[in-house]
Amino acid sequence: MSIDKQGMNTREGFKIIIFTLTVSVLLTLVLLGAFASSFPDAVTAFFVRPLTNRYFFGNLLAAAIPLMIAGLGIAFAFSSSNFNLGGEGQIYAGALAAVLAARTGGTNPLAIQMLALLAASIIGAVLGGISGLLKRNLRVDELLSSFLISGITVYSVDFLIAGPLRDTSSNFMTTAAIPANSAFLKIYPPSNLSTALFLALAAVITGKFIMDRTRIGFELKIAGANREFAQYAGIGASASTILPMVLSGALHGFSGGILIFGTYFKAMRGFSAGIGWSAIAVSLIAKNNPLGLIPAAFFYAYLEAGSKSVMLGANISSEIVLIIQSAVLILITATRVPLARLVSNRNQHKKEGKR
Amino acid sequence: MSSAFSAILSNAVAGMTPLLLAAMGGLFTELAGSLNIALEGLMMTGAFAGIVAAHLSSSPAIGVLTGLAATALVAWVYGIITIGLKANIFITGLAVNIFAAGLTAVLSQQFFKTKSVLAFSLAEPARPFARLAALPIVGPMLFGHTWFVYLAWILTFAGWVILFKSTYGMRLRATGSNPKALIILGKNPETYVAQSIVISGLYCALAGMSLSFPLSAFVPNISAGRGWVALVAIYLGAKKPAAIAAACFVFALAESYSNFAQGSLKIPSEFILAIPYIVTLLALISGALARRLSDRK
Amino acid sequence: MPFLSCKFIGDVWKIAGSERAGYHGSKDSKVAGMSYLVMNNIRKTFPSSGTVANDGANLSVEAGEIHAIVGENGAGKTTLMKILAGLLEPDAGTITIAGKPAVFRSPQDTKAFHIGMVHQHFIMVPEFTVAENIVFGQEPRKAGFLFDTKIAEKEAARMIERFGFSLEPDALAADLSVSERQQLEILRQMYRETQLLILDEPTAVLTEQEIQHFFELLKTLKGQGITVLIITHKIREVKEIADRVTVMRDGRTIATLNTGDISEYDLSCLMMGSASCLDFSARRRNPAGARTILDVKNLSITRKHHSMPLLHQVSFSVASGEILGLCGISGNGLKEIEEVLAGFLQPSSGTLLFQGKALPKSRTAPWLPNGIAYVPSDRMKRGVVLQKTWAENYIALDRKRFFPRGIADRKSARETALRRIQDFSIKAQPDSRMDELSGGNIQKSILARELADEVPALCVLCEPTWGLDSLSASAMHEKILSLRDSGAAVLLISSDIDEIMALSDRIAVLRRGTITAQVHNSSDVTREYLGALMLGIHNEH
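Chains as they are written, first to last, in my numbering: chain A, 1 to 355; chain B, 1 to 297; chain C, 1 to 541.
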């Protein structure tokens, strides 16, 4: 059960993105109008403040970072017709692994960072790889297996953080923090934005290069398009199932590590919830094009920043963003746009008349 | 020991109700050829709308009706958008789940000033056969449950009749098997798909309410993965209501036992929550192993 | 000379055909007068692709006759019939049935005129029983909404008996053989009281024996007063069973005539607009000094818990400079041999030697470096990746060369693709998506890729002209012969007897997983002889 990509030309796709953006903005306005005590204040808080206020803008960019990296993971999996629904667990477990690895003792900040990020990537890779293995050997749908493994992982990490690994000196359910000197440098105080931004951009550009210009990327795409042909062409089942899931999991785990070193510095229970799902939405908006992840992640983070901004002051739960996000999700995979159809029909009649 | 045993069984029978209802609803869409992963979100919508309406109107009946209507509306929009815009039904199903989580939290905050447990003081749902619960052995297991449980059985049977014995069911199943067979008759298969989604919404609404009404409360994430378990039950039951019911019972039994065990053994609550996922994963893997063994023959 | 006479005949019929309004009767000499069905000057263009499918097509059918509509792929016959069946609306033209004008906006509208169509790809529901499929859409009911299985099965039994079929009303449709499924589809139409039955390429999926039964069925239908319209491109069958035939080409009706009044050859010419002769016997070869390139010994595939093996002790060899035609009815092992050679299926026992060395068990590496060219029978699924471009499809099998050190060499890929496209005269660009190409061009593209070695040592070609128009098919046959002439060993796996007979130097017949005969292709080998071998009526080692 892999989702097939409808072959749409880029103009149609562009129209759908515009359609989705328009509807989401309209929907946001409606929601704000319905729930906010002061509509103009809410609109300003939602749409303007994230862009003009240093704190909010910086955090916006910071929030886009894990979306880009995890989104890249989704793009890799999806280009080979694999669906990695285990992002939530892979990010969360990756973050925990990063904290644990960072606290193993060691003083060189760079070494700590590298070790921790490696640990995070490995755990994500393993989690993703299990689904890939199940798919290759037992033909278990990776969509379902990755989702289920993620559920188990999330609860397991919850248990560890609230239990054996809990930092008892804190009031919150969290682990202890990473060594202070190993955190990434902040580049835009007072916000959380760190040097991780450059890591994310580098990752995305590298991802684009791999997908478009390397043999591995080519083989992944062929395997995603036609598995039987890929088998004939010598692209084995491992290359088309295990490798993409491992890559995808690794990227998710890595982004979990980035979250720790860039923003949170310790693993709080449930701190990364929802990022996995958002990464899927971001990748869909970007049409699985690595470079498209940058604007897509920015847009998504913008929505989240807006809802956080609006929460301060108005009595609107920040979950409002979930409603908007669901609207984005539900519209972005449309392959037929209702209003655009009217426009294209008119064009067609013009064409017919000219003949 | 035997009273514990019968308590476990009894809880299993009660616990399979939401699973069974959700699975039967999902069966309609499955037979119409669409993968419906919005069962979670629809259950949540029904659970929330039903109990809030029951509280606001002080009438469980109005609550149930509202729950049904609200969920049917969400399901209808979900179906219309997916079919009308030719969107990817998996993603739109995911969106419904996220939407339900978001809307319930926002409305909860807006009207009740809290995002966590909403406790109401609704009367317990009626137990029509309470007197028979005194019978030995089968008493507590079969009787003594809320009317939701019996409704689930009735609706399972009704669903079986509609799907496999009626002409409407024939056309619905043809839609899932070979939509061209309907097009050739001048009928639109998409209509049947849309209807199946709405029907699943109605079933899921009852599933959700069977969770919130006995608690007289709405808990965030009240469905706790049951929608996914229902999906697996459909596959394990090879899309046949009787086998699906059996699968639901097995899952409910596992949960019931582990709830019991948690009291006596120190099992972490996270493990209990993870049980549906673990059981489902094991079921998936063993099903695949079984398939592989029979392929080898 | 033949070409001249063909064109002449073609012109004569074109002029004469258009003046044939009410002519005189079928073999059964029905009284003419008004034709039962008249389609006049139908035009249909598909706006999305700009294709003009019907450009002034006419059809005139008498009541109770068997009328064939012939034409090559793309001649417009399927479109015309889809219009008649209510699946498409014409841009212009009229339809008249029994004198009454008919306008169809949907298949439902055709019911009033008792028109029904059996499509090439069956529309039955595999999970339903025979009875359920027959009555689907007009189901008998109990209590208004329940399905009355008893009555349905009774009705089904009645229909089955009326036409002398051997179907069971409660059998699952998924378990039926291909010809039984066809019977089911026809019964469905009969249940709906179809008087004008349209059959789209009905014999495409039948064996020789089943085709004979099918002809009997048509005679039964005709005897019951049903008018039958057959869309086909098989001239031989038209001559055997149809009363009259309408020839279509390029969306137009070229001629309408009695089948008794024209020969197979002339009909063929009319259909294709030029002469086409499948006669390569003069180029038969028995090369001396040939080396055995492919040697298959005692190949077997057994299945647990099955008494009959898929392949049993299959042995054959192909030498350089010869064409071995491996033929059989589909389902008798041809596919399995292809799968084993391509590396998709592992044999239980036996050896495969290529140039004296064993082919490795798991052939994950592409074949090209080994000197084997492979054209798969399912070219759309295994031969190409439809969503990718021509260039991407080309370099997919030689990634070592086009991805030096792991990075794409785009320049080399593009240049090579352009060169191959020119060499093979393919209508495509390196950037064209594969699904934009016609079937013939796709097949050429596969060849272009497989023959990068110019002349590989071994060519395994499976159903190479299936689904191609006759021009592309002829070009393919020429190419196959030139490969052989250049010294390649060619294994031709095909269920098309004509193709096997036209091209092969030697012929091996596969039936029930074993080779029942291996003969040299001479004038003694006739269609009937091969057909009998394929059916198992004759047995010769």
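For every residue, glycine included, the Cβ atom is placed at its ideal position computed from N, Cα and C.
These numbers come from a predicted model, not from an experiment.
At the 8 angstroms Cβ level, is residue i part of the contact set with chain B, yes or no?
i	result
Ala-21 of chain C	For Ala-21 of chain C, the predicted model reports a pLDDT of 32, less than 50, meaning its position is unreliable; a value from the coordinates is still stated below. Chain B, which has no Cβ nearer than 8 angstroms to the Cβ of Ala-21 of chain C, makes this no.
Ile-359 of chain A	What is shown of chain A runs 1 to 355, which leaves residue 359 of chain A out entirely.
Tyr-155 of chain A	yes
Pro-126 of chain C	yes
Can you tell which of the options has its C-alpha closest to the C-alpha of residue i?
i	options	result
Ala-95 of chain B	B:Gln-109, B:Gln-110, B:Gly-79 and B:Leu-107	B:Gly-79
Phe-548 of chain C	C:Met-380, C:Lys-335, C:Arg-291 and C:Lys-381	Here chain C has residues from 1 to 541 only, and residue 548 of chain C is not among them.
Thr-165 of chain A	A:Ala-176, A:Phe-172 and A:Glu-12	It should be noted that the sequence gives Leu, not Thr, for residue 165 of chain A. Residue A:Ala-176 is the option with its Cα nearest to Leu-165 of chain A.
Val-116 of chain B	B:Ala-261, B:Phe-129, B:Leu-107 and B:Asn-11	Sequence inspection shows Ser at residue 116 of chain B; the Val mentioned does not correspond to that position. For the residues B:Ala-261, B:Phe-129, B:Leu-107 and B:Asn-11, the minimum Cα distance to Ser-116 of chain B belongs to B:Leu-107.
Val-460 of chain C	C:Pro-404, C:Ile-293 and C:Ile-426	C:Ile-293
Arg-181 of chain C	C:Asp-148, C:Ala-448, C:Val-125 and C:Arg-158	C:Val-125
Lys-444 of chain C	C:Asp-423, C:Ser-432, C:Pro-456 and C:Val-340	C:Asp-423
Ser-196 of chain B	B:Ala-205, B:Ile-183 and B:Leu-172	B:Leu-172
Ala-163 of chain A	B:Ile-267, B:Thr-45 and B:Ala-32	According to the sequence as given, residue 163 of chain A is Gly; it is not Ala. Per the Cα distances, B:Ile-267.
Leu-215 of chain B	B:Gly-25, B:Leu-31 and B:Val-52	B:Val-52
Thr-526 of chain C	C:Phe-344, C:Glu-89 and C:Ala-502	C:Ala-502
Ile-154 of chain B	B:Ala-105, B:Ile-8, B:Pro-276 and B:Leu-206	B:Leu-206
For residue i and chain A, any beta-carbon pair shorter than 8 angstroms?
i	result
Glu-30 of chain B	no
Leu-546 of chain C	Because residue 546 of chain C is not part of the residues shown, which for chain C are 1 to 541, the question remains open.
Ala-365 of chain C	The predicted model places Ala-365 of chain C with a pLDDT of 47, which falls under 50 and marks its position as unreliable; any figure quoted below should be read in that light. Yes, its Cβ sits closer than 8 angstroms to a Cβ of chain A.
Arg-292 of chain B	yes
Thr-92 of chain B	yes
Lys-239 of chain B	no
Could you tell me which residues DSSP pairs with residue i in its beta bridges?
i	result
Pro-547 of chain C	Because chain C is modelled from 1 through 541, residue 547 of chain C falls outside the range shown and cannot be assessed.
Leu-311 of chain C	C:Ile-301
Lys-186 of chain A	A:Ser-194
Ala-217 of chain B	B:Ala-119
Gln-518 of chain C	C:Ala-508
Gly-325 of chain C	C:Leu-492 and C:Ile-507
So, is the C-beta of residue i closer than 8 angstroms to a C-beta in chain C?
i	result
Lys-165 of chain B	yes
Ala-242 of chain B	no
Ala-174 of chain B	yes
Thr-263 of chain A	no
Met-24 of chain B	no
Met-299 of chain B	With chain B represented from 1 up to 297, any question about residue 299 of chain B goes unanswered, as that position is not in the structure.
Met-170 of chain B	yes
- request: Quick one: which residues of the region 287-318 of chain A get their C-beta closer than 9 angstroms to a C-beta of chain C? List them in chain order.
  value: none
task: May I ask you to verify whether the region 502-518 of chain C touches the region 305-324 of chain C, counting CB pairs closer than 8 angstroms and requiring at least 3?
output: yes
- request: Give, in chain order, every residue of the region 106-134 of chain B whose Cβ lies closer than 7 angstroms to some Cβ of chain A.
  value: Val-106, Gln-109, Gln-110 and Lys-115
Residues, ordered as in the chain, of the region 178-197 of chain B that lie near chain C by beta-carbon distance below 9 angstroms: Asn-178, Lys-180, Ala-181, Leu-182, Ile-183, Ile-184, Leu-185, Gly-186 and Lys-187
message: For the region 101-113 of chain A against the region 267-279 of chain A, do three or more pairs of beta-carbon atoms, one drawn from each stretch, fall closer than 8 angstroms, so that the two count as touching?
response: no
- request: Answer yes if the region 112-125 of chain C comes into contact with the region 154-162 of chain B, meaning at least three C-beta pairs across the two stretches below 8 angstroms, and no otherwise.
  value: no
query: At a cut of 8 angstroms, does the region 215-227 of chain C reach the region 247-260 of chain C through at least three beta carbon pairs?
result: no
message: Give me the subset of the region 134-168 of chain B whose CB atoms are less than 8 angstroms from a CB atom of chain C, sorted by chain position.
response: Val-161, Lys-165, Ser-166, Thr-167 and Tyr-168
query: Are the region 9-18 of chain B and the region 33-40 of chain B touching, with three or more C-beta to C-beta distances below 8 angstroms?
result: no
task: Could you list the residues in the region 135-150 of chain C with a C-beta less than 8 angstroms from some C-beta on chain B, going in chain order?
output: Phe-136, Gly-137, Glu-139, Arg-141, Phe-145, Leu-146 and Phe-147
- prompt: Given 8 angstroms as the limit, is there contact between the region 165-182 of chain B and the region 135-149 of chain C, that is, 3 or more CB pairs closer than that?
  reply: yes
- prompt: Counting Cβ pairs closer than 8 angstroms, one from the region 405-413 of chain C and one from the region 235-249 of chain A, do we hit at least three?
  reply: no
query: Quick one: any contact between the region 223-234 of chain A and the region 12-25 of chain A, if contact means 3 or more CB pairs under 8 angstroms?
result: no
- request: Determine contact between the region 235-253 of chain C and the region 59-72 of chain C, defined as no fewer than three beta-carbon pairs at a distance below 8 angstroms.
  value: yes
- prompt: With a cut-off of 8 angstroms, do at least 3 Cβ pairs link the region 66-77 of chain A to the region 92-111 of chain A?
  reply: no
field: Cβ contact (3+ pairs, closer than 8 angstroms) linking the region 193-211 of chain C and the region 130-144 of chain C
entry: no
task: Give the residues from the region 198-225 of chain A that approach chain B closer than 7 angstroms (Cβ to any Cβ), ordered along the chain.
output: none
message: Contact between the region 253-262 of chain A and the region 134-148 of chain A is defined here as three or more beta-carbon pairs at a separation below 8 angstroms; is this criterion met?
response: no
- prompt: Does the region 173-185 of chain B come close enough to the region 54-71 of chain B that 3 or more CB-CB pairs lie under 8 angstroms?
  reply: no
- prompt: Touch check for the region 4-11 of chain B and the region 65-74 of chain B: three-plus C-beta pairs under 8 angstroms?
  reply: no
- prompt: Which residues, in order along the region 228-260 of chain A, keep a beta-carbon less than 9 angstroms from a beta-carbon of chain C?
  reply: Glu-228, Phe-229, Ala-230, Gln-231, Tyr-232, Ala-233, Gly-234, Ile-235 and Gly-236
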